[in-house]
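Residue numbers (the working numbering): 3 to 294.
We put the CB at the ideal spot given by N, CA and C, even for glycine.
Report on the following structure.
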Amino acid sequence: MRPRLGIRTRLWLAAALPALLATALLLAVFLNRHGAELVDAWSDRARAAARQLASAAEFPLFAGNQESLQRLVEATMAGDDQMLGAGIYTVDGRQHALAGHLSNVQDKFNGQEQLYQGKHLLVLTPIRQNALPFDDLFADFGGAGETPETGRVLGYAVVELKLDVLAKQQRDLLFWAVVISSTGLVLAGLLSTWIASGVIRPITLVSRQVARIRDGELEARVDLAQAGVLENLAAGVNDMAARVATTQEVLRDQVFQATEELRRQKEAAEQAARVDTLTGVARSEEHTSELQ
Numbered sequence: 003m004r005p006r007l008g009i010r011t012r013l014w015l016a017a018a019l020p021a022l023l024a025t026a027l028l029l030a031v032f033l034n035r036h037g038a039e040l041v042d043a044w045s046d047r048a049r050a051a052a053r054q055l056a057s058a059a060e061f062p063l064f065a066g067n068q069e070s071l072q073r074l075v076e077a078t079m080a081g082d083d084q085m086l087g088a089g090i091y092t093v094d095g096r097q098h099a100l101a102g103h104l105s106n107v108q109d110k111f112n113g114q115e116q117l118y119q120g121k122h123l124l125v126l127t128p129i130r131q132n133a134l135p136f137d138d139l140f141a142d143f144g145g146a147g148e149t150p151e152t153g154r155v156l157g158y159a160v161v162e163l164k165l166d167v168l169a170k171q172q173r174d175l176l177f178w179a180v181v182i183s184s185t186g187l188v189l190a191g192l193l194s195t196w197i198a199s200g201v202i203r204p205i206t207l208v209s210r211q212v213a214r215i216r217d218g219e220l221e222a223r224v225d226l227a228q229a230g231v232l233e234n235l236a237a238g239v240n241d242m243a244a245r246v247a248t249t250q251e252v253l254r255d256q257v258f259q260a261t262e263e264l265r266r267q268k269e270a271a272e273q274a275a276r277v278d279t280l281t282g283v284a285r286s287e288e289h290t291s292e293l294q
């Protein structure tokens, strides 16, 4: 047999369940949205570092200046405390300069910027030759020459970021989201309890007085000042109790009158039995007893 929920529990659920569902939905949306924003922010940070390194490394790579390339990767490494490694690679995957430590990137060069997110955040950005033509002084520079997206690939700038801080930020986000949601749920529970109590108290009050009336206490009445939202019901119960009490009084009066009438009729019959209806002379007690 399925357990039945009491009216207090049902009222509490009716008041609290919408708030619980809304809070859970908002928590899920908040975590999903802001968690994605954190990841995007770190991805943009890694891309910016890789693109800056690629832009600065264009000429030293073209000139084959190994010392300048090494200084560039070391400066990139020193500029971000979350940088795990930075490097410059040729088109065929040979390493020109390296600072720190990088994951294996030999099979990842395809001429396009790429981002890999795993335990760390790895970005590979092509280093393109973007020199403008110099043989025509009146050339349309807006359409001539190679753009950053179409220039010849000289090599690749690679940076790799640790995600420890990102993981901590995500944990902090989750912690505060849970704290705020839990606070909201507690407040919703307290509000639901207050709402349920505001209905339960009048119901309990009316039920108690109805039980007293059922047990015969017809003078019992519901205090309308405490009936709250059930004031109309309480007034109806009081009116019913008054009518029942009035009916009981009428019935008692009718029973009393009927009893009195029977008593008078009995006394009249007994009186008639003691007198002879023909002579009007009182009969003897023995004869009266025989008639009775």
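One question on the structure: do residue i and residue j come within less than 8 Å of each other, judged by their Cβ atoms?
{"i": "Ala-99", "j": "Gln-72", "result": "yes"}
{"i": "Leu-226", "j": "Ala-213", "result": "no"}
{"i": "Gln-108", "j": "Gly-89", "result": "no"}
{"i": "Ile-202", "j": "Leu-15", "result": "no"}
{"i": "Val-125", "j": "Ala-59", "result": "no"}
{"i": "Leu-326", "j": "Ile-197", "result": "What the structure shows of the chain is the stretch from 3 to 294, and residue 326 is not part of that stretch, so it cannot be assessed."}
{"i": "Ala-243", "j": "Ala-222", "result": "yes"}
{"i": "Ser-194", "j": "Leu-29", "result": "no"}
{"i": "Leu-86", "j": "Gly-102", "result": "yes"}
{"i": "Val-167", "j": "Gln-97", "result": "no"}
{"i": "Leu-220", "j": "Gln-250", "result": "yes"}
For residue i and residue j, what's the separation of their Cα atoms in angstroms?
{"i": "Gln-119", "j": "Phe-32", "result": "22 Å"}
{"i": "Ala-141", "j": "Gly-81", "result": "With a pLDDT of only 49 at Ala-141, under the threshold of 50, the placement of this residue in the model should not be trusted; the figure read from the coordinates follows. In a straight line, the C-alpha of Ala-141 is about 39 Å away from that of Gly-81."}
{"i": "Thr-248", "j": "Asp-241", "result": "10 Å"}
{"i": "Val-93", "j": "Ala-159", "result": "10 Å"}
{"i": "Trp-44", "j": "His-122", "result": "11 Å"}
{"i": "Gln-211", "j": "Glu-263", "result": "37 Å"}
{"i": "Asn-67", "j": "Asn-106", "result": "24 Å"}
{"i": "Ala-56", "j": "Leu-27", "result": "43 Å"}
{"i": "Leu-176", "j": "Thr-25", "result": "14 Å"}
{"i": "Leu-235", "j": "Leu-207", "result": "11 Å"}
{"i": "Val-75", "j": "Asp-46", "result": "19 Å"}
{"i": "Val-2", "j": "Gln-256", "result": "Within the shown structure, residues of the chain are numbered from 3 to 294, placing residue 2 beyond reach of any answer."}
{"i": "Met-79", "j": "Ser-70", "result": "14 Å"}
{"i": "Gly-157", "j": "Gly-113", "result": "9 Å"}
{"i": "Thr-261", "j": "Gln-273", "result": "18 Å"}
{"i": "Gly-230", "j": "Arg-245", "result": "23 Å"}
{"i": "Leu-23", "j": "Gly-200", "result": "23 Å"}
{"i": "Leu-192", "j": "Asn-34", "result": "28 Å"}
{"i": "Lys-110", "j": "Val-155", "result": "15 Å"}
{"i": "Ala-21", "j": "Ala-179", "result": "16 Å"}
{"i": "Ala-50", "j": "Ala-77", "result": "14 Å"}
{"i": "Lys-268", "j": "Ile-215", "result": "37 Å"}
{"i": "Gly-153", "j": "Leu-104", "result": "26 Å"}
{"i": "Gln-54", "j": "Val-181", "result": "40 Å"}
In this structure, how does DSSP classify residue i when only helix, strand and coil are distinguished?
{"i": "Val-155", "result": "strand"}
{"i": "Val-161", "result": "strand"}
{"i": "Thr-149", "result": "Any reading at Thr-149 must be qualified, since the residue scores a pLDDT of 45, below 50, and its modelled position is unreliable; the value itself is stated next. Reduced to three states, the DSSP call for Thr-149 is coil."}
{"i": "Ala-88", "result": "strand"}
{"i": "Gln-114", "result": "coil"}
{"i": "Gln-108", "result": "coil"}
{"i": "Arg-223", "result": "coil"}
{"i": "Asp-94", "result": "coil"}
{"i": "Gly-191", "result": "helix"}
{"i": "Ala-30", "result": "helix"}
{"i": "Asp-166", "result": "helix"}
{"i": "Asn-234", "result": "helix"}
{"i": "Ala-141", "result": "Low per-residue confidence applies at Ala-141: pLDDT is 49, beneath 50, and the placement is therefore not dependable, though the value from the model is reported in the following sentence. DSSP places Ala-141 in coil when its eight states are reduced to three."}
{"i": "Ala-229", "result": "coil"}
{"i": "Gly-81", "result": "coil"}
Just to confirm, does residue i get its C-beta within under 7 Å of one of the non-hydrogen atoms of the ligand SAH?
{"i": "Leu-100", "result": "As far as ligands go, the structure on display features none, and thus does not contain the ligand SAH."}
Going by the DSSP bridge assignment, what does residue i pair with across the sheet?
{"i": "Ile-182", "result": "Ile-182 is not bridged to any residue."}
{"i": "Gln-119", "result": "Leu-123"}
{"i": "Gly-200", "result": "According to DSSP, which records beta bridges pairwise, Gly-200 is partnered with nothing at all."}
{"i": "Leu-100", "result": "Gly-89"}
{"i": "Pro-128", "result": "Tyr-158"}
Does residue i come within less than 8 Å of chain B when only Cβ atoms are used?
{"i": "Gly-81", "result": "Here there is only one protein chain, and chain B is not present."}
Inspect the CB distances between the segment 156 to 176 and the segment 33 to 42 and report whether three or more fall short of 8 Å. Verdict: yes, contact present.
Check whether the segment 118 to 133 and the segment 58 to 78 touch, using three or more Cβ-Cβ pairs below 8 Å as the test. These segments touch.
Do the segment 160 to 169 and the segment 180 to 196 make contact, defined as three or more Cβ pairs closer than 8 Å? Taking one beta carbon from each stretch, the segment 160 to 169 and the segment 180 to 196 have fewer than 3 pairs nearer than 8 Å; the two do not touch.
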